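Undergrad:
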Amino acid sequence: MVYLVISTSPFQCQVSDLLPCNNNGKSSLLHTMLEAYDLLRHFDQIIELPTCSATDLRQFHSKDYLDHLLNPRFNDQANLNGEDEDHNVQAIAERAADWLEMKTNLPKDNSPWFDSKTKLYQYYLKNAQAGLEVEGRKRRGLLRDLLDPEGPESRVEEEEEEEEEEEEDINSKNSLEMLKYGLSHDCPVFRYLPMYCHVVTGATLALAKNASSQRERTISINWDGGRHHALKSKASGFCYVNDIALLITKLRRLGIGAVSYVDFDLHHGDGVERAFQYSANVQTISVHLLEPGFFPGSGFLKDTLRGKNIVNLPVLHGFDDSILEELVRRVILPSVRSHNPKVIVIQCGADGLMGDKFAEWQLTIRGLAENILTIIRNFPNANIVLLGGGGYNEKLASRFYTFLTWKVLSEFSYEYRSPSPFDNLEDVIPDHEFLELYKDEFYKFWYYDTEGCQTTFLKNDNTDARMEKLVQFYDAQRAL
1 MVYLVISTSP FQCQVSDLLP CNNNGKSSLL HTMLEAYDLL RHFDQIIELP
51 TCSATDLRQF HSKDYLDHLL NPRFNDQANL NGEDEDHNVQ AIAERAADWL
101 EMKTNLPKDN SPWFDSKTKL YQYYLKNAQA GLEVEGRKRR GLLRDLLDPE
151 GPESRVEEEE EEEEEEEEDI NSKNSLEMLK YGLSHDCPVF RYLPMYCHVV
201 TGATLALAKN ASSQRERTIS INWDGGRHHA LKSKASGFCY VNDIALLITK
251 LRRLGIGAVS YVDFDLHHGD GVERAFQYSA NVQTISVHLL EPGFFPGSGF
301 LKDTLRGKNI VNLPVLHGFD DSILEELVRR VILPSVRSHN PKVIVIQCGA
351 DGLMGDKFAE WQLTIRGLAE NILTIIRNFP NANIVLLGGG GYNEKLASRF
401 YTFLTWKVLS EFSYEYRSPS PFDNLEDVIP DHEFLELYKD EFYKFWYYDT
451 EGCQTTFLKN DNTDARMEKL VQFYDAQRAL
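The sequence shown: position 151 = 151 (full-length UniProt numbering), numbered continuously.
#1: Go to tyrosine 312, then tell me how far its beta strand (DSSP E) extends in each direction, as first and last residue.
#2: Are the stretch 228-241 and the stretch 285-302 in contact at 8 Å, needing three or more beta carbon pairs?
#3: Between leucine 120 and the rest of its own chain, which residues show a CB-CB distance below 6 Å, the 5 nearest in sequence each way excluded?
#4: Does the Cβ of threonine 8 have 16 or more other Cβ atoms within 10 Å, making it buried, or fewer, making it exposed?
#5: If I measure Cβ to Cβ from valine 408 and keep anything under 8 Å in the same chain, skipping five residues before and after, which residues do I get?
#6: In angstroms with no decimal places, state the Cα-to-Cα distance between proline 107 and arginine 399.
#7: With DSSP as the reference, please indicate the residues paired to aspartate 263 in a beta bridge.
#8: Just the C-alpha distance for serine 418 and arginine 366, rounded to the nearest angstrom, thanks.
#9: Between Ala245, Gln214, Lys209 and Glu216, which lies nearest to glycine 226 when the distance is taken from Cα to Cα?
#10: Quick check on the DSSP output: the beta strand (DSSP E) that includes valine 331 runs from which residue to which?
#11: Restricting to Cα atoms, I'd like to know which of Pro20, His267 and Leu251 is closest to serine 260.
#12: Assign glycine 131 to one of two classes, buried (16 or more other C-beta atoms within 10 Å of its C-beta) or exposed (fewer than that).
#13: State the DSSP-derived secondary structure class of serine 398, mapped to helix, strand or coil.
#14: Going by Cα to Cα distance, which pick from Phe434, Leu396 and Gln477 is closest to threonine 450?
#15: Could you pull the start and end residues of the alpha helix (DSSP H) that glutamine 472 belongs to?
#16: When you compare each of Pro421, Leu305, Pro341 and Gly389 to alanine 476 by their alpha carbons, which one comes out closest?
#17: Taking a contact to mean a Cβ-Cβ separation below 7 Å, would you say phenylalanine 60 touches threonine 249 in this structure?
#18: Buried or exposed: asparagine 105, going by 16 or more other Cβ atoms within 10 Å of its Cβ?
#19: CB-CB under 6 Å to aspartate 461, same chain, minus the five flanking residues each way: which ones, in chain order?
#20: So, under 8 Å CB-CB, alanine 275 and asparagine 242 are touching, yes? Tell me the CB distance rounded to an integer number of Å.
Take a look at the structure:
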């Protein structure tokens, strides 16, 4: 069958939830949902403490940008943007610890959940410094390289020097440097931003070893990854580091000749497209909303002609399962087949789902998952990397990624043979740490697919003629 790898842990998801748009819980809700459905134990490998160095990040991002992004003071200066330092983290940790103590008799002191950002950071420092396993082996190197792109210097000595310097507001809206590098507006500086960048990017890069394996087919997952907007020298669209571009670059360095990237996010995968615009070896495919004023405002059909391996599928408001299935069958599969990749990287953004806060598309959990599985099935000789992405209803996103994870396990695992827990519209989410957060949705897994709930069915602006134009354009391109 297939060797299955996932990067997830309470540590990783709490670090990921430092990202402001995660609403203090997107990743944590997903991790505990995966546990509730007993899915994680069926993976062949679980990566629990991912990280990467500044040297790793420099394989795509510029040194000047990283010097600002990874400023060690971002790990030290409290209350950036006036944020409430620990209230939300503490609430999540206490809820989890209470449930674990009640259901498993695990003492609260032994809970894997951290009740403050400071403790989370201290755990990161301690375990990175101790050289714990990363990518399945001991990573050697200086802790300083993890935290500061400038190389080895004494942190104590640096802190003494910093204390002598005049205090400055490192996230001032008037800072031209911050504006230059996109560290404002939708990408504000937040406390422990460097740790976030190292851990979330490290989780994606940790998948490269298995994804480049030629011994057996692998499917590797990091639902906290998929930050497709970040540019070489600029943060953009809630994305600070482009883990996708870094992963593909690493795969190429590991000897993978051809890579196909497929992006199902509501937003155009502009950062990845620009990174490989002129590459003959890396194919980028993006299905995305393109309407006036909608971010990032790129991904036009004509842009395909400006690069070597670009496939843009711009669609409109109301996009649904049936049209996505048609584009996958008639454009995406033939395009990937013509590229003949050794690895396919799929960004599985959840912001096009019916029930997401953007309310632009009306894809269903089953529909989007099935189209992703269609790609995996059609290329049995290609290794697969599945990454997360957008998704601004965290309770909806937790359902989607859990269902997609189950679909992958049920179809490709050597030993997973459990009956489906998702057959009935009345299926109730199993008891777990954060079950009470689903109370307003009656604890139903398929709440957003049930008529009469808060789901809104949208007018579909995607005409048959418009879709046929997309299909014919790429038919003609492949015929050249």
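Just so you know, even glycine gets a beta-carbon here, dropped at the ideal spot from N, CA and C. The model shown is predicted, which means the values in this text are computed figures rather than measured ones.
TA: Straight from the coordinates:
#1: The question names tyrosine, yet the displayed sequence has asparagine at residue 312. From DSSP, the beta strand (DSSP E) with asparagine 312 extends over 310-315.
#2: yes
#3: Gln14 and Phe114
#4: buried
#5: Leu4, Ile219, Ile221, Leu373, Ile376 and Leu386
#6: 29 Å
#7: Ser286 and Gln347
#8: 19 Å
#9: Ala245
#10: That residue, valine 331, is in no beta strand (DSSP E); it is neither H nor E in DSSP.
#11: Leu251
#12: Low local confidence applies: a pLDDT of 48 at glycine 131 is under 50, so the model's placement there is unreliable, and no value is given.
#13: helix
#14: Leu396
#15: 464-479
#16: Leu305
#17: yes
#18: exposed
#19: Leu316, His317 and Gly318
#20: 7 Å
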